[in-house]
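Going down the list, the sequences are from chains C and S.
Counting in this note's numbering, the first sequence tops out at residue 107, every number present.
Counting in this note's numbering, the second sequence tops out at residue 115, every number present.
Quick reminder that beta carbons are idealized off the backbone N, C-alpha and C, glycines included.
Each remark here refers to the structure printed beneath this line.
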Amino acid sequence: AQTVTQSQPEMSVQEAETVTLSCTYDTSESDYYLFWYKQPPSRQMILVIRQEAYKQQNATENRFSVNFQKAAKSFSLKISDSQLGDAAMYFCAYRNYGGSQGNLIFGKGTKLSVKP
Amino acid sequence: GAGVSQSPSNKVTEKGKDVELRCDPISGHTALYWYRQSLGQGLEFLIYFQGNSAPDKSGLPSDRFSAERTGGSVSTLTIQRTQQEDSAVYLCASRLGPSYEQYFGPGTRLTVT
Chain C
-8 AQTVTQSQPE
2 MSVQEAETVT
12 LSCTYDTSES
22 DYYLFWYKQP
32 PSRQMILVIR
42 QEAYKQQNAT
52 ENRFSVNFQK
62 AAKSFSLKIS
72 DSQLGDAAMY
82 FCAYRNYGGS
92 QGNLIFGKGT
102 KLSVKP
Chain S
3 GAGVSQSPSN
13 KVTEKGKDVE
23 LRCDPISGHT
33 ALYWYRQSLG
43 QGLEFLIYFQ
53 GNSAPDKSGL
63 PSDRFSAERT
73 GGSVSTLTIQ
83 RTQQEDSAVY
93 LCASRLGPSY
103 EQYFGPGTRL
113 TVT
């Protein structure tokens, strides 16, 4: 069974600085998706970034980028120029590539605080 | 367009009562998921619907939990004889197709007293 581990329950960053959230996962599959979701206090899960395992290039979305190390099964999220609105819970998630079910497997989350 | 909506936003119920939670997916999305988010267990998959196929119930924690999806659209998650350990946020998500993202609703916070 696949598992996702986020080893940092809480992180803090100064506004405008850069922070990296860690995620490792375990799978025997070679093709899969990885995601970072943001959950603010409103509870709405918002997709931040997505990575297909077959792509070697790391995904980027504006201030958000990932460091995907397939061999190490590591998928960290870097947030540059942190803003107050980035404060939230961040969840790393895994999904198998093949088949139609595609339920997400989540890590426990990292609570990010942004200091003004 | 409208996103995934869930109702009620919050629900407080007494132990032993039945509750129904509703999810309205994004129009046209054929796949629908229910997840449970609790302090102790994190985010757990509960059940998956795809079109008119039989649902995948492999994540349901007990036979007190059931769900249905009518007309391939609205879904209802029912918890019978609620227990305090059922207290959690119940999240619904929908997806257009296999290679597409899941879009989440705002969740229903269930508190069992």
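Can you tell me which of the three DSSP states L93/S falls into?
-> strand
Residue of T101/C, R41/C, I40/C and T11/C minimising C-alpha distance to S73/C | T11/C
Under a three-way DSSP split, which group does L75/C fall into?
-> helix
For M80/C, which residues of its own chain have a beta-carbon under 6 Å away from its beta-carbon, when the five flanking residues on both sides are left out?
-> Q30, G100 and K102
Indicate whether the contact test is met: 3 or more Cβ pairs, each with one atom in the region 94 to 113 of chain S and one in the region 9 to 28 of chain S, closer than 8 Å.
-> yes
Determine the chain S residues that contact K99/C at a beta-carbon separation under 7 Å, and present them in chain order.
-> G44
In chain C, what lies closer than 7 Å to Y35/S by C-beta?
-> N94
Cα-Cα, which of K13/S, A4/S, G44/S and I49/S is closest to V114/S?
-> K13/S
Assigned exposure category for S29/S - 16 Cβ within 10 Å defines buried = exposed
Step through the CB atoms of chain S and report whether any lies within less than 8 Å of the CB of S33/C.
-> yes
Proximity of P100/S and S33/C at Cβ, strictly below 8 Å = no
Proximity below 8 Å, CB of I40/C to CB of L68/C | yes
Name the chain C residues whose beta carbon is nearer than 7 Å to that of G109/S?
-> R34
Assign N108/C to one of two classes, buried (16 or more other C-beta atoms within 10 Å of its C-beta) or exposed (fewer than that).
-> The question about residue 108/C has no answer, for chain C in this structure spans -8 to 107.
Cβ atoms of T80/S and R89/S: under 8 Å apart, would you say?
-> It should be pointed out that residue 89/S corresponds to Ser in this sequence rather than to Arg. No, the Cβ-Cβ distance between S89/S and T80/S is not below 8 Å.
Would you mind telling me which residues of chain C sit closer than 8 Å to V91/S, beta carbon to beta carbon, in chain order?
-> R34
Note down, in chain order, every chain S residue with its Cβ under 9 Å from the Cβ of F82/C.
-> G44 and L45
The region 50 to 61 of chain S: which residues have C-beta closer than 8 Å to a C-beta of chain C, in chain order?
-> Y50, Q52, D58 and G61
Rounded separation between D65/S and R86/C - CA only = 26 Å
Check the C-beta distance from S(-2)/C over to S13/C and give it rounded, since I have them as a contact under 8 Å.
-> 6 Å
Take the Cβ of S11/S as the centre, count every other Cβ of all protein chains shown within 10 Å, and call the residue buried at 16 or more, exposed below.
-> exposed
Per-residue burial, R38/S [other beta carbons within 10 Å of its own, 16 or more giving buried] = buried
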